[in-house]
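So in my numbering, the last spot in the sequence shown is 491, and the numbers never skip. We treat Cβ as the ideally placed atom computed from N, Cα and C, and that holds for glycine. In this text the structure is predicted, and so the values were computed from the model without any measurement.
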Amino acid sequence: MWFALLLRRIAVLPWRALKALGRGLRACHRGLRAPAGRLGVQVAATTLALAGALAAGWFIVPGAGPAWSYGTEPTPETEEPPLVLSPEGALENAPDPGLPADTEPVGDTVTAESPAQSPTQSPTEAATTPAGPADIESWAASLSALGIPERALVAYGRAELLSAVENPDCNLTWTTLAGIGATETNHGTHGGNRIQADGTTMTEIIGAEYAEMGPMQFLPSTWERWKADGDEDGVHNPHDIDDAVTAAANYLCHDGRDMSTPAGWYEGVFSYNHLDSYVRKVFDRADEYGRKSTA
197 MWFALLLRRI AVLPWRALKA LGRGLRACHR GLRAPAGRLG VQVAATTLAL AGALAAGWFI
257 VPGAGPAWSY GTEPTPETEE PPLVLSPEGA LENAPDPGLP ADTEPVGDTV TAESPAQSPT
317 QSPTEAATTP AGPADIESWA ASLSALGIPE RALVAYGRAE LLSAVENPDC NLTWTTLAGI
377 GATETNHGTH GGNRIQADGT TMTEIIGAEY AEMGPMQFLP STWERWKADG DEDGVHNPHD
437 IDDAVTAAAN YLCHDGRDMS TPAGWYEGVF SYNHLDSYVR KVFDRADEYG RKSTA
């Protein structure tokens, strides 16, 4: 389905875009003759697909705010107002995560699954009032149709807000984090589990093969490097969805990565789990959430 949709769009590409895409394909073919090229075929193919769609005017990378994907027409964007968060009240002066006002919309081997949401059209303009913890909870409750546990949505939304302050050039959205969370552990509900009010899972989720930990499935060594305290309770707990999602956000955004570009988004998600099929799953979940959240 993922590539079938792309092929239908390629059929209506303008001549210049097709010519550019052809040059890219020929270069890819020459590269495949070399051993290194053959090893990188899946990465090259997926990145080329994303870039080709972007060149044609379709932004298919998950995002939050005025964005488009799967061929919907882009809409004019307005200047994004500055996001101001204070250390004391980190969530008191920020727009709702994923539904910002007038805005557009994991390196070591991390094996994480989470649904990345990306709106496929411009969301309804939201009010410009600052969002505090209560606002995030109300926002999460309003998206119950997505099938994501409300407590998990709160964590995804909070992580987007914090990322916008700590890594403003990363442009990471809650939809991508949700996409990863869905793919990894179905938002911490794998095996009949559930997320409790304090953000921890009812029982610890441990991977059978590599002892991956928590709702975002961090390897022990990766968690040791990227651990975070998302709920500021003084504990770095991979089984706490607030901590795990915040750590995942930091991981995805490191080294100056821009998650709003096709190459940056692919690189970030692929680094979380080195499988092209994984990237596709995250993308599909993210896009699904984006569509439903703006319906």
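(request) Quickly, what does DSSP pair I376 with across the bridge? List them, please. (result) According to DSSP, which records beta bridges pairwise, I376 is partnered with nothing at all.
(request) Would you check if the distance between the CB atom of G384 and the CB atom of I401 is smaller than 8 Å? (result) With respect to I401, G384 sits close: the two C-beta atoms are nearer than 8 Å.
(request) Return helix, strand or coil for D436, following the three-state DSSP convention. (result) In the structure shown, D436 sits in a strand (DSSP, three-state: E or B).
(request) Name the residue from P411, R354, W335 whose alpha carbon lies nearest to the alpha carbon of T379. (result) Per the C-alpha coordinates, the member of P411, R354, W335 positioned closest to T379 is P411.
(message) In the DSSP assignment, the alpha helix (DSSP H) including K488 goes from what residue to what residue?
(response) 472 to 489 is the span of the alpha helix (DSSP H), which, as asked, contains K488.
(message) With the cut-off set at 8 Å, would you say T335 and A355 are in Cβ contact?
(response) Correcting the residue identity first, residue 335 is Trp in this sequence and not Thr. Cβ distance not < 8 Å, so W335 and A355 don't count as in contact.
(message) I'd like the ranges of any alpha helix (DSSP H) spanning at least 4 consecutive residues and lying wholly in the region 351 to 439.
(response) Considered as a whole, the region 351 to 439 harbours 370 to 381, 416 to 422 as its complete alpha helix (DSSP H) runs of no fewer than 4 residues, in chain order.
(message) Just to confirm my understanding: we take E484, look at its own chain, exclude 5 residues before and 5 after, and list those with CB closer than 7 Å. What are they?
(response) Within the same chain, E484 has no close Cβ partners at all.
(request) Reducing DSSP to helix, strand and coil, say where I344 ends up. (result) Residue state for I344 is assigned as coil, using DSSP reduced to three classes.
(request) Determine the extent of the alpha helix (DSSP H) in which S467 is found, giving its start and end residues. (result) Judged by DSSP secondary structure, S467 falls within the alpha helix (DSSP H) whose first and last residues are 458 to 468.
(message) To the nearest angstrom, how far is the alpha carbon of N469 from that of E420?
(response) Taking the straight line from one Cα to the other gives about 17 Å.
(request) Using 10 angstroms around the beta-carbon of D436, count the other beta-carbons present and answer buried if the total reaches 16, otherwise exposed. (result) D436 is buried by the Cβ-count criterion.
(message) Could you check whether A337 and Y352 sit closer than 8 Å to each other, using their CB atoms as the reference points?
(response) In this structure, A337 does not lie closer than 8 Å to Y352 by Cβ.
(request) My understanding is that S359 touches C449, with C-beta atoms under 8 Å, so please give their C-beta distance in whole angstroms. (result) About 6 Å separates the two Cβ atoms, so the contact holds.
(request) Kindly indicate which three-state DSSP category D454 falls into: helix, strand or coil? (result) In the structure shown, the three-state DSSP call for D454 is coil.
(request) Classify V350 as buried or exposed, calling it buried when 16 or more other Cβ atoms lie within 10 Å of its own Cβ. (result) Counting the other CB atoms within 10 Å of its CB gives V350 a total of 16 or more, which places it among the buried residues.
(request) Using beta-carbon positions only, say whether D454 and N367 come within less than 8 Å of one another. (result) Yes, Cβ-Cβ distance for D454 and N367 is below 8 Å.
(request) Could you tell me whether the Cβ atoms of N363 and T396 are closer together than 8 Å? (result) Note that the C-beta distance between N363 and T396 is not below 8 Å.
(request) Give the single residue among N446, M409, T418, E408 whose Cα lies nearest to the Cα of G426. (result) Proximity to G426 across N446, M409, T418, E408 peaks at N446, based on C-alpha coordinates.
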